[in-house]
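This report concerns only the one structure given below.
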Amino acid sequence: MSQALSRLHDAVCNGSFRGIEGLVQEALDAGHTALQILNLALAKGLEEAGARFERGEYFLPNLMMAAKAMSTAMAVIQGRLATEGAAQVSGGTFVIGTIQGDIHSIGKEIVAAMLEASGFRVIDLGVDVKPHLFVERAVEHSADIIGISALMTTTMTHQQKVIEILKERGLRDRFKVIVGGAPVTASWAQRIGADDFATDAVSGVRKARRFVER
Ligand code: B12
Numbered sequence: 003m004s005q006a007l008s009r010l011h012d013a014v015c016n017g018s019f020r021g022i023e024g025l026v027q028e029a030l031d032a033g034h035t036a037l038q039i040l041n042l043a044l045a046k047g048l049e050e051a052g053a054r055f056e057r058g059e060y061f062l063p064n065l066m067m068a069a070k071a072m073s074t075a076m077a078v079i080q081g082r083l084a085t086e087g088a089a090q091v092s093g094g095t096f097v098i099g100t101i102q103g104d105i106h107s108i109g110k111e112i113v114a115a116m117l118e119a120s121g122f123r124v125i126d127l128g129v130d131v132k133p134h135l136f137v138e139r140a141v142e143h144s145a146d147i148i149g150i151s152a153l154m155t156t157t158m159t160h161q162q163k164v165i166e167i168l169k170e171r172g173l174r175d176r177f178k179v180i181v182g183g184a185p186v187t188a189s190w191a192q193r194i195g196a197d198d199f200a201t202d203a204v205s206g207v208r209k210a211r212r213f214v215e216r
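For the sequence shown, the working numbering gives the first residue as 3, with consecutive numbering after it.
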């Protein structure tokens, strides 16, 4: 890893959000793409913070600082992520949000940014989104795909409600549904009747593109 990326990785992991914009600029000046910065430095830095939390070396405030550092840095490269993917064809409309009871936003935002970079029109509903709102916004925006993020085993169960509402309203065939987030598995997706699942942004975007290219 280059020095610029390594400094960014450490800044996210240590939650040093002040001045992190300058470190992102240094990495860009050193010739790194926004996608490299995201995948090699920012995401890995947050991953490390999460691992320290799980080992009991970090507490919630450390995580919150790391998350703030990540989102501050993300704001600098968000536009570039979209430009880097601008040459690609339009992908359709993707409604995304984090399910009710869950406020984890970082993974969802990365997926949203990478979908945009890949040519999708993205409608981001934010966090703690009630199941019926996924359905109503998807209808309103004539979406092709609904993406539901959940980072906790306790909130993951609400992903199922979105699919139940789609069925109740006779809309199940109108949208593809992709469930995502660290606790989600293929068997969970199958059990609740989702069309697919993803536990990382790259495969999520690849699967989404497959749906609209059919
Ligand atoms: C950062 C973090 C926080 C931050 C969130 C900040 C923010 N703005 O998002 C803060 C500090 C606020 C937080 C709070 C809490 N957290 Co927290 N948090 C984490 C942590 C360390 C990292 C999550 C993260 O951002 N990862 C980085 C991103 C890039 O990865 P990702 O989210 O997995 O997303 C990727 C994929 O999953 C996928 N993806 C995600 N969504 C979607 C959607 C679609 C459609 C697709 C295709 C793909 C996709 O693509 C993404 C990019 O590659 C995890 C531990 C971990 N290792 O996951 C715990 C973790 C998720 N948190 C946990 C807990 C318990 C909590 C709290 C309840 C703590 C508390 N006691 O208050 C609260 C929850 C509040 C709530 N109601 O939601 C637990 C959940 C346990 C469980 N039951 O399953 C975890 C697993 C930690 C642990 N081991 O205990 N947390």
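Glycine included, C-beta positions come from ideal geometry on N, C-alpha and C.
Quick check on this structure: which residue in the options has the alpha carbon closest to the alpha carbon of residue i?
| i | options | result |
| --- | --- | --- |
| M66 | V78, R82, L48 and R57 | L48 |
| R211 | G93, Q162 and I167 | G93 |
| Q5 | L168, E59 and E28 | E28 |
| H160 | L135, R9 and G172 | L135 |
| T156 | V214, P185 and A203 | P185 |
| T100 | M158, A84 and G121 | M158 |
| A152 | V214, A191 and R9 | A191 |
Look at the Cβ atom of residue i, then the Cβ atom of residue j, and state whether they are nearer than 8 Å.
| i | j | result |
| --- | --- | --- |
| L40 | I98 | no |
| T95 | R139 | no |
| L42 | M3 | yes |
| V113 | A75 | no |
| A68 | G17 | yes |
| I194 | I165 | yes |
| V137 | L173 | yes |
| G206 | G183 | no |
| E86 | A145 | no |
With burial defined as no fewer than 16 other Cβ atoms inside 10 Å of the residue's Cβ, what is the status of residue i: buried or exposed?
| i | result |
| --- | --- |
| M72 | buried |
| H11 | buried |
| Q102 | buried |
| D104 | buried |
| V179 | buried |
Tell me the rounded alpha-carbon separation between residue i and residue j.
| i | j | result |
| --- | --- | --- |
| V148 | A51 | A quick correction: the sequence has Ile, not Val, at residue 148. If I take the Cα positions, the gap works out to 30 Å. |
| D197 | V14 | 34 Å |
| I150 | E142 | 17 Å |
| A53 | N64 | 12 Å |
| D175 | L7 | 44 Å |
| A89 | L44 | Its pLDDT being 48, under 50, A89 is placed unreliably in this model, and the value from its coordinates should be taken loosely. Spanning the two alpha carbons is a distance of roughly 24 Å. |
| P133 | Q38 | 34 Å |
| A221 | E56 | Absent from the structure is residue 221, since the part of the chain shown begins at 3 and ends at 216. |
| H34 | I108 | 21 Å |
| E118 | E111 | 10 Å |
| A115 | R208 | 14 Å |
Report the partner residues of residue i according to the DSSP bridge assignment.
| i | result |
| --- | --- |
| A69 | Answer is none; A69 lacks a bridge partner. |
| T95 | R123 |
| D198 | I180 |
| I147 | F96 and K178 |
| V207 | For V207, which the question treats as bridged, DSSP gives no partner whatsoever. |
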